[in-house]
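Just so we're aligned, residue 436 is where the sequence shown starts under this note's numbering, counting upward by one.
The structure under discussion appears below in the form of structure tokens.
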Amino acid sequence: MNYLTDKHKQLSESQQSGLMLWFGRLSMDKKAVAIGLSLTVGISSAAMAWQGTSSDRIYFCIKTPLKTLTCSDLNGRPFRMTPFYWQQWQLDGMPRQVVRDAATGVNGLVKATNPYKPFWAFGGFLGFALAGWMLRHCQDEEKQRAVFEDIAQKRDAAKAEMAARSELLESYRDVAIAEVQLQADLDLVANDRTVDIQKAEIYAHTEIEVTQMEASDAIFEAQTAGMSEEQKAEYIKQLREMKTPYLQGSQTLQGTIDPNDKVTGGEQPAIADSDKYRWIKNTIGYPTLIFGGMGAGKSWTTREIIWKKVQAGWNIVALDPHGTQVEWRGVRLITGYKEIALFMQWYMNEMRQRYEDYRKSGMTEEQWTENLRASGKMLSVICEEFTTWTDNIVEPMPLDCDLDKWKPDPDFIGKWFRCAMTESRKQLMIPLFVAHDRTMEILAKAKGLSKLRDAALLEVELIATIDPITTEAKASGQGKIKLPGHGQWIDIELPKLKAKRIDFRLDESGSSDAQSNTQKSDQKLSTDSEIAERIWQLEFNLEKPHTESSPTPSLTPNAQSLLQFLHRTKRTSATIQEVQPNFKVKGERFNSEELKRLFNELVENSLSVWLDANTIEISQN
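Listed below in structure tokens is the structure:
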């Protein structure tokens, strides 16, 4: 036994007899024999103690007055007592009527048949007690042994499990090695095929260049046919002094064929202002990232790009968390992080729906794109202050989800960013991101997507300078651009602006000028209603003409239906949450973002007023 301390050992040994110490050192079979012998002795002694009598008996009778002898009591039990009590009775004065029963024994005396009966009983008790003691000792040892047996079994089971895992890992390692070897072989084969394809492309390109050179020689011979050698030399000199006949980044076809575009002597002609900013056209059809430090001119440059998109027929949605409608006239503005999150959810759903419609249309990619253009579904999403989105925007909870079970996706911004980068161009839902840097930690915290960013985004970096007098950052008018999939950054010049553009309406001649940005914010309500109507047309009713979709100029059909619903239900106020499950048009319900736009349309037409961000009070007139 393992003892905790010496005192524990001393106390244990002092409480244990030498017999049990001897018994504990025996083997199990000898212990069984000892217990059996003890039980045999106990049983035998008990049996011997059970038989016979242990003392002598004197049987006697009593004489009755009729001179008869009565030798038993009323129950038929004979009168008897031990010789000790018989002598004591005689000394105390035995009646003369008591006489010995001569019929029993010698003079009434019957000798004891088992005089050692107490000793046999003691022997039986001793045998049983010793057997029980030994059994209790064996039970205690068995309990201790069971603990070790259980530990040993668990140890053996753990060893077996580890052996099985080791064998499984060994098998998995062999499979993994085989997969790696197979992948390596496939990569080698693919690399060989890629090399062959590249060789073929180089050969084909070389043949094309040779053919172009031969064609150029033929064209030159045709152009100089009939010229003398002196005339040919003069013509060649003139070509060398001209700009290259191929269009460069700052050239136009008109400038190339313009005789004034030639250079003479050492003069270098100035580049036209309109040609300096041709890079802006590239930002119209590509997902674009505009980044730069504080004061680099991101907002002003972004708005010039938006103006070009508006002129090209794109529908603009500005997602500006802190924007106001005063600075975004003529475009649809969504402000507030919660509202932006709802639009992002709608954007991804719309993207999936467009791809679903494209798969069912039976059109080619070019035909589908032209169909979108013809339907006026070109959408450009402007993501202002994109750097702050990941810290403030969470995934909106669907309407059919239980609040207690809803867990927003932590990668909601990242998924939307990847969708906007990679899937938007074919469906003409082009994003434009405005951020402070191009690192993926800042851009939606989408780590590991730098290669995707380089391949999918057109990037424009704006460079700021430090004012030597105020020591504040300001726009330098310079920047760099990198096309998607290209690693080269090209220097560009930014448009020279006198003021930030805040009006993007095409229907007013003065709004196309940057100086119109100083207009007052108290313009007429009818103008705002027309803007809302135009936004509704672009958003929901792209297929129908204006007269069909809005028979009443002041309200769109959906807004009219909403107003009729509110009057029919005799409401004096309404919230988005209570109207949404009850209001529908032609069997279709509206999400919270669409209802908010309809509420805002009622407010703009003086039919209601805002009580808070989601509640309006209906005017009673």
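Glycine is no exception: its CB is placed at the ideal position from the N, C-alpha and C atoms.
8 Å or more divides the Cβ of A855 from the Cβ of P756. For A776, the closest alpha carbon among the candidates H871, F852 and R794 is that of F852.
Setting aside the 5 residues that flank it on each side, I715 is surrounded in the same chain by E739, I740, K743 and P930, each with a C-beta closer than 8 Å to its C-beta; the list follows chain order. Taking one beta carbon from each stretch, the segment 483-493 and the segment 575-585 have fewer than 3 pairs nearer than 8 Å; the two do not touch.
Between the alpha carbons of V1044 and I751 lies a gap of roughly 26 Å. Look at L1037 here: in three-state DSSP terms it is helix. In the pairwise beta carbon analysis, the segment 836-846 is classified as not touching the segment 857-877: fewer than three pairs are separated by under 8 Å. Bounds of any alpha helix (DSSP H) do not take in Y712, whose DSSP letter is neither H nor E. Residue pairing by DSSP places L897 opposite G727 and G914 in a beta bridge. Look at the beta carbons and you see the segment 452-460 not touching the segment 483-503: under three pairs across the two are nearer than 8 Å. Contact between V761 and E820 is absent: CB atoms are separated by about 17 Å, not below the 8 Å threshold.
At a Cβ-Cβ threshold of 8 Å, K733 and L897 count as neighbours.
Here the segment 823-833 makes contact with the segment 763-779; the two share three or more CB pairs at distances below 8 Å. Separation of the CB atoms of A908 and G730 is rounded to 3 Å, and the pair is thereby assigned contact status at 8 Å. R787 and T629 have their alpha carbons spaced roughly 34 Å apart. The residues M813 and S815, in chain order, have a CB closer than 6 Å to that of W749 in the same chain once the five nearest residues on each side in sequence are set aside. Look at R936 here: in three-state DSSP terms it is coil, with no helix or strand label.
In this structure, the CA atom of G543 is about 40 Å from the CA atom of L474. For the options R1024, Y793, I1011 and V1038, the alpha carbon positioned closest to that of T1050 is the one of I1011. With 16 or more other CB atoms across the displayed protein chains lying within 10 angstroms of its CB, G914 is buried. Note: Y494 is bridge-paired with R515 in the DSSP secondary-structure output. Your pair A890 and P919 checks out as a contact, with CB atoms roughly 6 Å apart and the cut at 8 Å. M597 counts as exposed, since fewer than 16 other C-beta atoms from the protein chains shown sit within 10 angstroms of its C-beta.
A753 sits away from I719, with the two beta carbons spaced by 8 Å or more. In the DSSP secondary-structure assignment, F868 is bridged to L724 and C818. Residue environment for N784: exposed (fewer than 16 other C-beta atoms within 10 angstroms of its C-beta). Residue range S885 to A891 is occupied by the alpha helix (DSSP H) that includes A890. Nearest in C-alpha terms to I493, of all of Q522, G477, L887 and R936, is Q522. Closest in C-alpha terms to R1032, from the list P992, K1005 and Q1055, comes P992. D926 is bridged by DSSP to K915. One thing to note: T517 has its Cβ no nearer than 8 Å to the Cβ of S489.
Residue range T1050 to I1053 is occupied by the beta strand (DSSP E) that includes E1052.
In the assembly as shown, N1017 is an exposed residue. Its beta-carbon has fewer than 16 other beta-carbons within 10 Å. I769: member of the beta strand (DSSP E) spanning R767 to I769, first to last residue. In this structure, the alpha-carbon of L1030 lies about 11 Å from that of E1013. Using a Cβ distance threshold of 8 Å, G487 and T539 do not count as a contacting pair.
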